[in-house]
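Note that numbering that gives the first Met the number 0 gives residue 422 to position 423 of the sequence shown, counting from 1, and the numbers run on in steps of one.
Glycine included, every Cβ here is placed at the ideal spot set by N, Cα and C.
Working notes, structure below.
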Amino acid sequence: MSVANTVKIEEMFKKYDTNGDGKITRQEFTALFKVIDGEKWDNERADRLFNCADTDKSNYLSVQEFLNWVFRKPRGRAVAKAVAHKQLEERSQSTGGIMDLAKTAPPGFDTDTETSSSESSSSDSNDEEAAKRKAARGHRQPRKKKRHRAKKLVVSDLVLYELLTNEGGCVGPRLELGEFVDLFYNASQQGLDAELARTVPQDIGHLGGDRSMESEDLSPFEVGLLYQMLHEDPKLQSGTRKERLEAALQLVRENCEKCRSDLEYTGPPSLELVGLDHTSPIGWGVFQDLLALIADLMLLDVDHVLACFFNTHAETFEITDAIATRIMESLFLKVAKKGETILEQHIKSNDFMRMCHVQELSDAVTPSGIPHARLTLLFGSTLQGLPRLLRERDERRGAVRKKAIKDKPHHHHKSISGRIKLGILFDELYKALPVGSYKSRLKMVLSMLDIADSLKATNTLKH
């Protein structure tokens, strides 16, 4: 907790302590957060946040209690969520309906019900009755169209922000610049770089197809300067994504030589070399803008940035839909069947062994490779251990989010399919390779895709 930040918080506290008694009431607290963001902090949400900060339950906040909550983050969203659910359940019982519970749930809090965005409950019941009448008259009900698998994120930006502000199972109110920059640096070491943009197709249509742009190999110092740019210019935060990108490009071009060549990043305190305070707080809005700028400057889909950040923070390995699709197409030579996506196709032992042979991972091809018999056993043991590996994955994700995990049954698996299981397979393969073969799991996958592309190009030239 820096002295400067403490003084700022104390001054803000005094400003809203209208009667000057050294404490702020629930109403004064609500007024403070409405000034910060009136759209986000309504009375109900501010009230729940006050309950989290009011640790002694005196219905007042002293300046020290307020400082402890702001800087040490002893409580947060997890507690607020529990309080919110209790209040919402009580309200639903009093108003007599589960629909009331769903409608009154505040943004960011889950409910136990799902409501359709396109149809009301009344229209659903009408459709069901109409279908029953048709069936009674002997008409066949129309067959439901098979839905194509929707793209699913490894992690959302909101969940990632919660994870980064998590302390002791609760979510606090702030993320420090040094923590964010250090996460970016570690993620870039694991494979968040220009090679990812080059090897895997990116969904960057919002950039307008500008082919003159090249992927920027950002340094931690440039990420810090991007934060400073957003923090010091409120107009950029309220501007368009294109305006922020243009300002960011200018900043990067002015500072790239110094930041990438002259300065060495050794940890959050080294941000002082470019005049930045590594304890500066990053709010939710700036966090979103930073993620978008990093993705745009590196010509990456923001999904890849989120996944790399999550894998680095949680010390796990999960792949995006785009990477999984490239693996299926280029490494396993799979194609989508009618009515199915390519990620629904199955990988069997012979597919895995052929891929390992082409990639020269076997000692039958390379002396430093994995013994052929061990590769055969690797796929079989991964299949056999999938229930345990999937359960460990669920527990690991739950532990990171401090969320209770339901005991889901995992049946016996005969093949590998889907993004999650592909990630587990390549995680097991990475562990089986000699130490030092690849710098990270993601770099292993990107290297294998690069080899596959080179072999394809060579075969095309031959024919």
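The beta carbons of A186 and T311 sit about 4 angstroms from each other, so the pair counts as a contact at 8 angstroms. Classified as buried, Q201 has 16 or more neighbouring CB atoms from the shown chains inside 10 Å of its CB.
Using a Cβ-Cβ distance cut-off of 8 angstroms, the stretch 223-231 and the stretch 285-300 are in contact, since at least three pairs of beta carbons, one from each stretch, lie closer than that value. The DSSP-derived three-state label of P233 is helix. Residue range 440-461 is occupied by the alpha helix (DSSP H) that includes K455.
Here DSSP, grouped into helix, strand and coil, assigns I281 to strand.
In the DSSP assignment, the residues bridged to L174 are I281. L382 and A431 have their alpha carbons spaced roughly 15 angstroms apart.
Under the three-state reduction of DSSP, S361 is assigned to strand. Taking T375 as reference, the option from E427, T340, E394 with the minimal CA-CA separation is E427.
In this structure, DSSP gives S61 an extended state, which the three-state scheme calls strand. According to DSSP, residue pairing for K22 in a beta bridge involves S61.
Bridge partners of I203 according to DSSP: none are assigned.
Assigned with DSSP and collapsed to three states, I318 falls in coil, not helix or strand. Judged by DSSP secondary structure, F308 falls within the alpha helix (DSSP H) whose first and last residues are 301-313. According to the DSSP assignment, I423 belongs to the alpha helix (DSSP H) that extends over 418-431.
Under DSSP, I346 takes part in a beta bridge, and its partners are I415. If you draw a straight line from the Cα of L454 to the Cα of G284, it is about 44 angstroms long. Between S218 and L262, the C-beta spacing is below 9 angstroms. The Cβ atoms of V222 and V154 do not sit closer than 9 angstroms to each other. Between S439 and Q189, the gap from beta carbon to beta carbon is short of 9 angstroms. With 16 or more other Cβ atoms inside 10 Å of its own Cβ, D300 counts as buried. Counting C-beta atoms within 10 angstroms of its own C-beta, G368 has 16 or more neighbours from the protein chains shown and is therefore classed as buried.
Taking each of E253, D295, T265, C258 in turn and checking the Cα distance to R243, the smallest one comes out for D295.
If you draw a straight line from the Cα of D192 to the Cα of I293, it comes to about 11 angstroms.
With the rule of 3 Cβ pairs closer than 8 angstroms, the stretch 263-276 does not count as touching the stretch 311-328.
In this structure G422 is buried. Its beta-carbon is surrounded by 16 or more other beta-carbon atoms within 10 angstroms. Distances from the CA of E328 to each of I318, Q344, R390 were compared; the closest alpha carbon is that of Q344. Sequence-distant partners of L152 (beyond 5 residues in either direction) whose C-beta falls short of 7 angstroms from its own C-beta, in its chain, are D302, L305. Taking all protein chains in view, the Cβ of V251 is crowded by 16 or more other Cβ atoms within 10 Å, so the residue is classified as buried. In this model, I450 and Q358 are separated by some 7 angstroms (Cα to Cα). In this structure, the CA atom of L360 is about 26 angstroms from the CA atom of R392. Counting the other CB atoms within 10 Å of its CB gives K241 a total below 16, which places it among the exposed residues.
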